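If you read the sequence shown in the numbering used here, its first letter stands for residue 188, the second for the next number, and so on. Glycine included, every Cβ here is placed at the ideal spot set by N, Cα and C. Quick caveat: nothing in here was measured; it's all calculated off a predicted structure. The structure appears below as structure tokens.
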Amino acid sequence: LAVFAQGTYIDRNHDEPTIESPLNRDSENFEVEAGVDFELASLIRGDIAVGYLRTEFDDPALSAITGVSADAIFEWFVTQLTTVTLNATRQVDASGLVETAGRTTTVLGAQVDHELLRNVLLNARVEYTDFDFQDIDRQDDRIQLGAGALYKLNRRVQFTADYRYRDENSSGTDADIDFTEHLVMIGVRLFP
């Protein structure tokens with residue numbers, strides 16, 4: 188068991204505002220967290236940190252974003268071949284919208300990894316994300332599901348296959364996104 192504290196300071200500077208994007212998006216972001224890092228009898232390990240965040244924007248039209256910050260990951264080694272991972276984060280990031288500069292993002296996820304054979308790895312995952320936009324009436328909710336496989340041909344060549352489903356919905360008077368997408372990816376990794 189280990190106890191830790193961490194702090195983050197981010198100074199973001201953007202291009203000058205334009206007619207299309209009139210907001211000054213420059214900001215300062217502070218985060219202070221305290222937490223524990225632990226391992227219980229080689230069965231469960233993880234770390235969790237909770238703290239306070241504050242983002243202040245140079246533009247007087249944008250209010251500061253404050254609240255709880257969090258970052259956690261837990262790994263449960265169900266067997267020598269199967270691992271369950273749970274994760275959670277809460278942070279402030281850029282909104283990607285013209286109307287506002289920031290949003291609070293909360294993520295909760297779970298993943299199962301299984302070694303079917305020594306050279307065949309399978310995984311399945313689910314993730315929920317909540318985007319709460321600053322200074323506008325909009326909240327986005329995203330659910331992602333996925334499954335994948337990795338085949339190790341040898342030390343230098345790996346083949347991957349992955350499927351992802353994503354459903355995203357907006358609510359509020361400024362909502363404008365509702366969509367579902369399916370992604371299928373096939374790849375080759377080379378390690379020279």
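Given a cut-off of 9 Å on the beta-carbon distance, is the pair residue i and residue j in contact?
{"i": "Glu218", "j": "Leu249", "result": "no"}
{"i": "Thr242", "j": "Gly194", "result": "no"}
{"i": "Leu295", "j": "Thr270", "result": "no"}
{"i": "Ser256", "j": "Glu215", "result": "no"}
{"i": "Thr276", "j": "Phe318", "result": "no"}
{"i": "Tyr352", "j": "Glu368", "result": "yes"}
{"i": "Arg325", "j": "Ala362", "result": "yes"}
{"i": "Asp327", "j": "Ser357", "result": "yes"}
{"i": "Ala281", "j": "Arg212", "result": "yes"}
{"i": "Leu210", "j": "Val307", "result": "no"}
{"i": "Val344", "j": "Arg305", "result": "no"}
{"i": "Ile330", "j": "Asp300", "result": "no"}
{"i": "Arg342", "j": "Phe320", "result": "no"}
For residue i and residue j, I'd like the C-alpha separation in whole angstroms.
{"i": "Ala189", "j": "Leu309", "result": "32 Å"}
{"i": "Arg232", "j": "Ala192", "result": "18 Å"}
{"i": "Asp365", "j": "Leu227", "result": "42 Å"}
{"i": "Val265", "j": "Thr272", "result": "10 Å"}
{"i": "Glu207", "j": "Glu302", "result": "51 Å"}
{"i": "Ala311", "j": "Phe261", "result": "16 Å"}
{"i": "Phe346", "j": "Leu370", "result": "17 Å"}
{"i": "Ile235", "j": "Glu314", "result": "18 Å"}
{"i": "Phe244", "j": "Ala259", "result": "27 Å"}
By DSSP's criteria, residue i is part of a beta bridge. Which residues make up the other side?
{"i": "Gly296", "result": "Asn274 and Glu314"}
{"i": "Arg329", "result": "Thr316 and Glu355"}
{"i": "Ser208", "result": "In the DSSP output, where bridge partners are listed per residue, Ser208 has none listed."}
{"i": "Arg199", "result": "Ser214"}
{"i": "Ser256", "result": "Gly238"}
{"i": "Asp322", "result": "According to DSSP, which records beta bridges pairwise, Asp322 is partnered with nothing at all."}
*Run through the segment 347-379 for me and flag every whole beta strand (DSSP E) of 3 or more residues, listed as ranges in chain order.*
365-377
_Segments assigned beta strand (DSSP E), at least 3 residues, entirely inside the segment 201-245_ = 214-227 and 231-244
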